[in-house]
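Residue numbers (our numbering): 42 to 398.
The C-beta atom is built at its ideal place from N, Cα and C for all residues, glycine as well.
In this text the structure is predicted, and so the values were computed from the model without any measurement.
Working notes, beginning with the structure itself.
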Amino acid sequence: MSNPLLMLPYESPLAALGDDYFDAVTPAVFPQHILRFRNDEVLKKIALQPDQVSDRDFIQAFGEFNAPPSQADASFLALRYHGYQFRSYNPFLGDGRGFLYGQLRGIDGKLYDFGTKGSGPTPYSRGGDGRLTLKGGVREILASEALHALGVNTSRTLSLIETGEALHRGDEPSPTRSSVMVRFSHSHIRFGTFERLSYLKQPALMQKLLDHVIEVYYPHLLSTEDGQARYAQWFAELAERLATLVAQWMTAGFCHAVLNTDNMSITGESFDYGPFAFMDEYDPKFTAAYFDYSGLYCYGNQPGACYWNLEKLAVALADVVDTAALEAGLAQYQPKYAEVLAIASYKNSVLRPPAVV
């Protein structure tokens, strides 16, 4: 019987943009494959029934990385991007231990990505081994699925496969076990994807990417015929989506911990969970990353940090978008954040059980 994960109707809209935005890469070959997690709820979102997909199907597709027949002539794509990391610009980024496996439509008609993590080195590994620890993969499952259950706009984890290698890391007891994960999200295009094109002074490529983003992820804006007006509407909506996301984090008591611009999605979706944490008790100075010595990305700083990232995206976009329109878009962030937070606070107060005297 054919593997249903390989027979899905994959599409290639990002690949069709051309290789100015990515590098073709080859997955690592692992000595072992043990399926540790499969997300049957996500399978339903792509029109697959869980009982029709075996564990071996997952391993063939997302551990051994067999190419889907419909993508036989395509490649796995490591995306190029830059980013501000703890507010210092880094032009040496990109997908360093993952790639875009494929894109396809969900039953809701929207485009989704299968993106790997821990699948081996790429041109952007910067000397790293391109691997993911099993502990790191489990943490990503916990973050994404917990946030989803709490109503946060987040990526999901589709699968986690232990891969039989011993890894050495400075931030957990070593040797530690290896794994490869597949993320299910709307897009892996980041703020840093646009920042790279600005840094390289490639406004034509930036405009091409922006048109792609609107066509694929904001198609309701295509009815606006004037290009600059359409860009203005898109940036304003992105600002509101990001403000909504941050308000959801704050309501959930969630600290992302690494709010660099390369961790900001152009769909306003939360993704890429490293040293995250949920607070047990309210503390605005709570910091989840042991290396965030100044508390730049502490819980209470998250709204301001994401606004700062949005400002930096606006600077990059100024090569192709009217500055006044970008400023108008930025102005949508704070009111939307306050609105969403107020609604969430009201719901929590209404639903909270009365205190026991």
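**OP:** Give me the Cα-Cα distance between Gly169 and Phe117, rounded to the nearest whole angstrom.
**Re:** 19 Å
Original post:
From which residue to which residue does the beta strand (DSSP E) around Arg271 run?
Top reply: No beta strand (DSSP E) contains Arg271, which is instead part of the alpha helix (DSSP H) from 268-293.
Subject >> Collapsed DSSP secondary structure at Arg128 in the structure displayed >> reply: Arg128: coil per DSSP, three-state reduction.
Subject >> Spatial neighbours of Val397 in its chain, beta-carbon cut-off 7 Å, leaving aside the 5 residues before and after >> reply: Only weak support exists for where Val397 lies, its pLDDT of 49 falling under 50; the coordinates are left without a value.
**OP:** Mind the definition here: the segment 222-232 touches the segment 158-175 only if three or more C-beta pairs lie below 8 Å; say whether that holds.
**Re:** yes
Original post:
Taking all protein chains shown into account, do 16 or more other C-beta atoms lie within 10 angstroms of the C-beta of Arg231, making it buried, or fewer, making it exposed?
Top reply: buried
Original post:
Which partner residues does Val223 have in the DSSP bridge list?
Top reply: Thr157, Ser200
**OP:** Inspect the CB distances between the segment 254-266 and the segment 344-363 and report whether three or more fall short of 8 Å.
**Re:** Taking 8 Å as the limit for Cβ pairs, the verdict is that the segment 344-363 does not touch the segment 254-266.
Original post:
Using a beta-carbon distance below 9 Å, is Lys86 in contact with chain C?
Top reply: As a matter of chain content, chain C is missing from the structure shown, which is built from one protein chain.
Subject >> Three-state class that DSSP yields for Cys339 in the structure shown >> reply: coil
**OP:** With distances taken Cα to Cα, identify the nearest neighbour of Leu250 among Leu120, Tyr51, Asp96.
**Re:** Leu120
Original post:
Hey, out of Gly268, Pro68, Glu368, Gln73, whose CA is closest to Pro164's CA?
Top reply: Pro68
Original post:
For the putative contact between Gln289 and Gly192, defined by C-beta atoms under 8 Å, what is the C-beta separation to the nearest angstrom?
Top reply: About 7 Å separates the Cβ atoms of Gln289 and Gly192, confirming a contact at the 8 Å cut-off.
Original post:
Starting from Phe235 and walking both ways along the alpha helix (DSSP H), at which residues does that stretch end?
Top reply: 232-240
**OP:** Could you give the DSSP three-state label for Ile87: helix, strand or coil?
**Re:** Ile87: coil per DSSP, three-state reduction.
Subject >> Cross-strand partners of Thr174 (DSSP beta bridge) >> reply: Ser219
**OP:** Output the distance between the C-alpha atoms of Ala318 and Thr302, rounded to the nearest integer angstrom.
**Re:** 19 Å
Original post:
Buried or exposed: Tyr331, going by 16 or more other Cβ atoms within 10 Å of its Cβ?
Top reply: exposed
Subject >> Start-to-end residues for the alpha helix (DSSP H) that takes in Leu367 >> reply: 364-371
Subject >> Span of the beta strand (DSSP E) around Tyr51 >> reply: No beta strand (DSSP E) contains Tyr51, which DSSP labels as neither H nor E.
**OP:** Please state whether DSSP places Arg121 in a helix, a strand or coil.
**Re:** Arg121 falls in the coil class under three-state DSSP.
Original post:
Ser306 bridges to which residues according to DSSP?
Top reply: Arg231
Subject >> Local conformation of Tyr259 per DSSP, three classes >> reply: coil
Original post:
From which residue to which residue does the beta strand (DSSP E) around Asp212 run?
Top reply: Counting along the chain, Asp212 falls outside any beta strand (DSSP E), and DSSP gives it neither H nor E.
Original post:
Is Pro378 helix, strand or coil when you go by DSSP?
Top reply: The identity of residue 378 in the sequence shown is Tyr, whereas the question assumes Pro. Here Tyr378 sits in helix by DSSP.
Original post:
Any idea if Leu351 is buried or exposed, counting beta-carbon neighbours within 10 angstroms, 16 or more meaning buried?
Top reply: buried
Original post:
Are there 16 or more other CB atoms within 10 angstroms of the CB of Gln93, so buried, or fewer, so exposed?
Top reply: exposed
Original post:
With burial defined as no fewer than 16 other Cβ atoms inside 10 Å of the residue's Cβ, what is the status of Ile148: buried or exposed?
Top reply: exposed
Subject >> Nearest-angstrom Cα separation, counted from Leu47 out to Ala187 >> reply: If you draw a straight line from the Cα of Ala187 to the Cα of Leu47, it is about 28 Å long.
Subject >> Identified DSSP bridge partners for Leu399 >> reply: This structure does not reach residue 399, given that the chain is present from 42 up to 398, and the question cannot be answered.
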